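Count the sequence shown with our numbering and you get residues 545 to 845, in order.
The beta-carbon is built from N, C-alpha and C at its ideal position, and this holds for glycine as well.
Fair warning: this is a prediction, and the values are worked out from it, not measured in the lab.
The next block holds one structure in the form of structure tokens; read it before the comments.
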Amino acid sequence: MDVFLKKIQLIYFPFLFLSLLFVSGYSFVHWLLLVNLEFFSLDEDIVNLWLPQILSWLLSIIYIRPRLKRLKFVKDNSRFFYLLIAVQLMAVPCIVAQEYLKTATGKLTQLASIQELYLHKNTQYYQLQQSYIDKTQIGLQRSLEVTGKHSSHLNMALYIAMPIFAERADSWHAKALAWYGKVYQQEISNRLEPDEKEAQFKAFLAKSLNEFNELDPQSFVYLERLAPSSLRSELLSAAQKSPLYQAEHQTIFMPKFEPFEARNGHKLVWIFIWFVVGALVWFVLLLRVNLDEKSVKPRRK
Numbered sequence: 545m546d547v548f549l550k551k552i553q554l555i556y557f558p559f560l561f562l563s564l565l566f567v568s569g570y571s572f573v574h575w576l577l578l579v580n581l582e583f584f585s586l587d588e589d590i591v592n593l594w595l596p597q598i599l600s601w602l603l604s605i606i607y608i609r610p611r612l613k614r615l616k617f618v619k620d621n622s623r624f625f626y627l628l629i630a631v632q633l634m635a636v637p638c639i640v641a642q643e644y645l646k647t648a649t650g651k652l653t654q655l656a657s658i659q660e661l662y663l664h665k666n667t668q669y670y671q672l673q674q675s676y677i678d679k680t681q682i683g684l685q686r687s688l689e690v691t692g693k694h695s696s697h698l699n700m701a702l703y704i705a706m707p708i709f710a711e712r713a714d715s716w717h718a719k720a721l722a723w724y725g726k727v728y729q730q731e732i733s734n735r736l737e738p739d740e741k742e743a744q745f746k747a748f749l750a751k752s753l754n755e756f757n758e759l760d761p762q763s764f765v766y767l768e769r770l771a772p773s774s775l776r777s778e779l780l781s782a783a784q785k786s787p788l789y790q791a792e793h794q795t796i797f798m799p800k801f802e803p804f805e806a807r808n809g810h811k812l813v814w815i816f817i818w819f820v821v822g823a824l825v826w827f828v829l830l831l832r833v834n835l836d837e838k839s840v841k842p843r844r845k
């Protein structure tokens, strides 16, 4: 029992403390520098996805890896497996927390029309009392991306940017002040023959355009202004192919169809669930391996 308690004290509780400190600390710095003070701007993919994973690796290597050396593993690669699990158990709740921070702190601006967009300070969300989404003078961007382990998947995407106006008559003579984004995606095997992949891509484009023709873009409840990200970059590339694009106006919106009050979804609950699951998984993993008692015995002088 003393050995078990020592294992909990040396490895289990430090991991829990480090996880809580990392998620809360990273979220606070994110909110302070990027949301509250707007000290600088970073790509959303970096802030919400890549930095949490990179920092989780660094913290685990610095603080968790030395403690794992106190355990007696049967297989040599088991220690790395435990380290990998620790990284994911820290990174995932942090990633979810950043998504929650994004929606929870986002402010809603009411506009009579899109013509008032640049009369207000930038916020994350907007509601338009009057709008016309032009489906005829759109911009298109096609994308193929190889993903997955051993490059086994091929992601096909079609990005469509539609100009936003106050009313239909504006689309006859005015340039677009902002854009309404729509994305169609499909994944296929990258192991297919080139001819088959090309046929599938053409079928995907045809299906996506048919769905787009049936789309009612006016049915949105509010709009989300996209921050710098890979999604925004692709939609901006699409907008640049429209005859109504002007370089000084690069605001891209994505439509939201649920009430504004429901924007957070269940993210806060999922953060708590991940912490609980992480604590249980780490506890079970520690039960499966013994503590090296020699590593905790005090050295004789």
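| Asked | Found |
| --- | --- |
| If you draw a straight line from the C-alpha of Q626 to the C-alpha of L615, how long is it? | Going by the sequence as given, residue 626 is Tyr instead of Gln. Their Cα atoms are separated by approximately 11 Å. |
| Is D587 closer than 9 Å to S733 when the C-beta atoms are compared? | no |
| For F804, collect the residues of the same chain with a Cβ closer than 8 Å to its Cβ; drop the 5 residues on either side in sequence, then sort them by chain order. | L652, Y669, Q671, V765 and Y766 |
| In the DSSP assignment, find the alpha helix (DSSP H) that holds H574 and state where it starts and stops. | F557 to H574 |
| Can we say the segment 689–706 touches the segment 768–782, given the rule of at least three CB pairs closer than 8 Å? | yes |
| With 16 other CB atoms within 10 Å as the buried threshold, where does W716 fall? | exposed |
| Using a 10 Å radius around the Cβ and a threshold of 16 neighbouring Cβ atoms, would you call S675 buried or exposed? | buried |
| Using 10 angstroms around the beta-carbon of P787, count the other beta-carbons present and answer buried if the total reaches 16, otherwise exposed. | exposed |
| Taking 8 Å as the cut-off, does the CB of F624 come closer than this to any heavy atom belonging to the ligand ZN? | This structure lacks the ligand ZN, and indeed carries no ligand of any kind. |
| Considering only the alpha carbon of each residue, which of C638, K665, M634 and A713 lies closest to G650? | K665 |
| Measure the C-alpha to C-alpha separation of W493 and K679 and round it to an integer number of angstroms. | The displayed coordinates of the chain run from 545 to 845. Any statement about residue 493 would go beyond what the structure contains. |
| So P637 and W826 are in contact, right, with Cβ under 8 Å, and what is the actual spacing, rounded? | Incorrect: roughly 13 Å between the Cβ atoms, too far for contact. |
| Assign K845 to buried or exposed, taking buried as 16 or more other Cβ atoms, counted over all protein chains shown, within 10 Å of its Cβ. | Interpretation of K845 is limited by its pLDDT of 48, a score under 50 that renders its predicted location unreliable; the figure taken from the coordinates is listed afterwards. Exposed: under 16 other Cβ atoms inside 10 Å. |
| Assign P707 to one of three DSSP states: helix, strand, or coil. | strand |
| Could you name the residues that DSSP lists as bridge partners for K726? | I704 |
| DSSP has L835 in a bridge; who is on the other side? | L615 |
| Which residue comes first and which comes last in the alpha helix (DSSP H) that contains P799? | Counting along the chain, P799 falls outside any alpha helix (DSSP H), though it belongs to the beta strand (DSSP E) covering T795 to K800. |
| Since E689 is in the beta strand (DSSP E), which residue starts that stretch and which ends it? | G683 to T691 |
| Buried or exposed, going by whether 16 or more other CB atoms sit within 10 Å of the CB of I682? | buried |
| Label I555 either buried or exposed according to how many other C-beta atoms from any shown protein chain fall within 10 Å of its C-beta, with 16 as the threshold for buried. | buried |
| Quick one: using the 10 Å Cβ neighbour count with 16 as the cut-off for buried, is D714 buried or exposed? | buried |
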